[in-house]
Amino acid sequence: MLSKLWPSRISVNKLQRKHIEEVNVPTIQDDQPYNPFNEIRVLTGHQDIINIIKFIDETRLASSADDNLVIIWDFENGDQLHSLQGHTRPVTSILVHEKTGFKHQDSCPVLITASSDKTIRIWDCGDGVCLNTIQDHASTVKCLVNVNAHDFMFCSGGKDLCLWDIEGKLLCQEVQPDNDSDVHSILPIKKDRLVVAFSRQSLVVYTISEILQNKSFKFHSRLRPHRDDVRCLTSVTDESFVSASLDGEIIVWSSNTLQPIKQFNEIREFEGDSHLYPYSVQHLFVLDQRFIFAAVGAGFSIYDALSGKCVAQRENVHHSKVSYIQLLNERFMLATCSADGTVRLWGSTTRHLPDEFSPIEHFLGKSINDITSSITEPGLLGECLGHSGSVRMIADFGAEGFASCASDGLIILWKDGWRERQKRMELATSLLFT
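Take the sequence shown: its letters are residues 393 to 826, numbered as in the numbering used here.
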């Protein structure tokens with residue numbers, strides 16, 4: 393098994409370790425019968441901590457690290473396609489824009505990268521050429537988001553908030569006061585509005601207005617604050633979005649009224665012992681415009697935005713806080729990763745449902761009526777050992793498997809061993825008879 397080849401336990405903060413020793417983290421059988429990912433490819437090319445891996449399309453992913461590099465990889469065979477050099481400090485955000493306004497690249501996606509060197513670069517995914525370098529930011533650029541695919545616009549945030557066309561022309565800019573914290577997340581919602589998260593408790597809403605083809609940001613409102621800093625922000629439906637914070641609180645908001653609709657995980661004593669914030673939300677995503685998957689402390693929870701119920705929960709799934717979660721759609725497994733150096737797989741072992749059932753039903757092994765009637769505890773299906781540092785992120789590649797990146801400077805492609813053997817047998821057969 394991989395555990396014999398790739399030791400991955402790493403030391404964690406002493407205070408966290410003391411807390412971890414007091415709880416029961418589930419273990420897995422050595423044979424791992426439900427884990428298909430028993431073949432790996434290790435990608436080496438970065439020289440420092442890898443913070444981001446980004447799905448480009450069915451065959452390619454991009455990665456960025458503290459070595460200032462962005463690398464485009466072929467997921468199927470692990471080949472390094474392009475090394476994008478130009479940033480002089482670590483890359484903080486990667487955005488894939490499916491269509492471009494460049495006349496010679498109408499059908500090819502572009503990669504947009506932001507960095508703490510105060511620049512944004514636009515790259516051709518096909519040949520790795522830098523198409524433009526934007527230098528209008530006055531400080532670290534921390535986030536990028538597509539605003540309007542039809543109009544080819546994207547937004548960036550740092551000390552200031554900027555709107556650009558796809559060629560890098562500045563359309564409008566909102567400079568934050570010196571005492572304000574940096575923008576770390578931006579979410580476009582209906583009515584040409586942007587919800588902006590700073591490193592503080594409140595969300596701020598701006599409207600993108602246009603007069604005589606000149607765009608500008610107009611302050612709209614400041615939303616009811618969380619009790620501590622907002623960490624996560626994402627869309628639920630066209631009518632709602634969700635935010636989560638360091639204190640663990642998760643709020644679903646109306647995109648129309650900008651008022652809270654549902655609230656989850658309200659913890660009274662949220663700072664915990666030694667101010668470790670054991671209920672903090674590190675990451676979340678939404679499935680089927682309804683189910684909110686949240687990495688809460690060292691575990692995960694699933695909330696139904698429609699009924700307002702918690703439908704699934706596992707506490708202490710890792711030996712430290714869960715840094716990222718990803719649903720592996722082809723296999724209906726939830727992959728979780730952590731600073732403990734492991735990737736773990738969760739789901740149902742008891743019931744296999746017909747294909748017409750929804751992903752959440754397959755994942756939990758229950759019908760939708762049963763899901764909303766009680767809290768389910770997903771089972772541990774597998775543990776993927778290979779990294780020797782904190783695992784930062786996971787990217788799903790469907791039937792091909794998934795990828796993970798870590799502070800050890802490695803990307804690991806986790807492959808279905810049976811599928812890979814079949815591909816090799818088919819290749820050998822075709823070579824034999826041609």
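Positions of the beta carbon are idealized from the N, C-alpha and C atoms, including for glycine.
Could you give the distance in angstroms between the alpha-carbon of residue i and the alpha-carbon of residue j?
i	j	result
Leu827	Asn606	The structure shown does not extend to residue 827, since the chain spans only 393 to 826, so no value can be given for it.
His618	Cys554	25 Å
Lys582	His489	20 Å
Ser822	Glu812	15 Å
Gly809	Cys797	20 Å
Val417	Asn708	6 Å
Ala506	Val483	6 Å
Thr734	Gly778	7 Å
Glu792	Glu468	7 Å
Cys729	Trp738	11 Å
Ser456	Cys517	14 Å
Asp528	Ile600	19 Å
Glu714	Glu769	Contrary to the premise, residue 714 reads as Val rather than Glu in this sequence. Distance between the alpha carbons of Val714 and Glu769: 17 Å.
Val539	Glu658	31 Å
Ile717	Arg736	10 Å
Ile512	Phe611	25 Å
Leu772	Tyr671	21 Å
Ile578	Ser637	15 Å
Gln681	Asp440	36 Å
Glu818	Thr826	12 Å
Ser627	Leu824	51 Å
Arg585	Leu719	29 Å
Leu830	Phe755	With the chain covering only 393 through 826, there is no way to say anything about residue 830.
Asp466	Pro569	43 Å
His711	Gly774	15 Å
Cys535	Asp552	11 Å
Glu834	Glu631	There is simply no residue 834 to check, as the chain begins at 393 and stops at 826 in what is shown.
Lys807	Gly790	10 Å
Ala820	Asp471	21 Å
Glu722	Glu450	13 Å
Thr338	Glu559	Lying before the first or after the last residue shown, residue 338 is absent from the chain, which here runs from 393 to 826.
So residue i and residue j are in contact, right, with Cβ under 8 Å, and what is the actual spacing, rounded?
i	j	result
Cys564	Ser608	5 Å
Ile486	Ile803	So it is not a contact: roughly 14 Å between Cβ atoms.
Ser635	Val622	5 Å
Ile752	Leu679	6 Å
His438	Ile463	7 Å
Phe662	Gly640	5 Å
Ala389	Gln705	Here the chain has residues from 393 to 826 only, and residue 389 is not among them.
Ser766	Ser782	Incorrect: roughly 34 Å between the Cβ atoms, too far for contact.
Leu676	Trp645	That belief does not hold up - the Cβ atoms of Leu676 and Trp645 are roughly 14 Å apart, past 8 Å.
Val533	Ser548	5 Å
Check the DSSP bridge columns for residue i and list the partner residues they point to.
i	result
Cys729	Tyr716 and Val735
Asn335	Nothing can be reported for residue 335: it is not among the residues displayed for the chain, which extend from 393 to 826.
Ser702	First, the residue type needs correcting, since residue 702 is Cys and not Ser in the sequence shown. Bridge partners of Cys702: Tyr695.
Leu606	A quick correction: the sequence has Asn, not Leu, at residue 606. DSSP lists Ile603 as partners of Asn606.
Arg351	Past the boundaries of the shown model lies residue 351; the chain is included only from 393 to 826, so the question cannot be answered.
Ser646	Ser632
Phe683	Leu679 and Asp696
Arg452	Asp466
Should residue i be labelled buried (16 or more other beta-carbon atoms within 10 Å of its own) or exposed?
i	result
Pro428	buried
Val758	What sits at residue 758 in the sequence shown is Lys, not Val. Lys758 should be labelled buried.
Phe546	buried
Met785	buried
Glu602	exposed
His744	exposed
Gly550	buried
His667	exposed
Asp732	buried
Val521	exposed
Lys815	exposed
Asn460	buried
Lys654	buried
Say yes only if the C-beta of residue i is nearer than 6 Å to one or more non-hydrogen atoms of the ligand NAP, and no if none qualify.
i	result
Ser759	The ligand NAP is absent from the structure shown, which contains no ligands of any kind.
With 7 Å set as the bound, which would you pick, yes or no: does the beta-carbon of residue i sit closer than that to a beta-carbon of chain B?
i	result
Asp449	Within the model displayed, chain B is absent; a lone protein chain is all it includes.
Query - Runs of beta strand (DSSP E) wholly within the segment 550–602 (minimum 3 residues, chain order) - result: You should have 552–557, 562–567, 575–581 and 585–590.
Query raised in the report: If you scan the segment 464–538 from start to end, which runs of the beta strand (DSSP E) of 3 or more residues do you find wholly inside it?
Result: 472–476, 483–489, 502–507, 512–516 and 522–526
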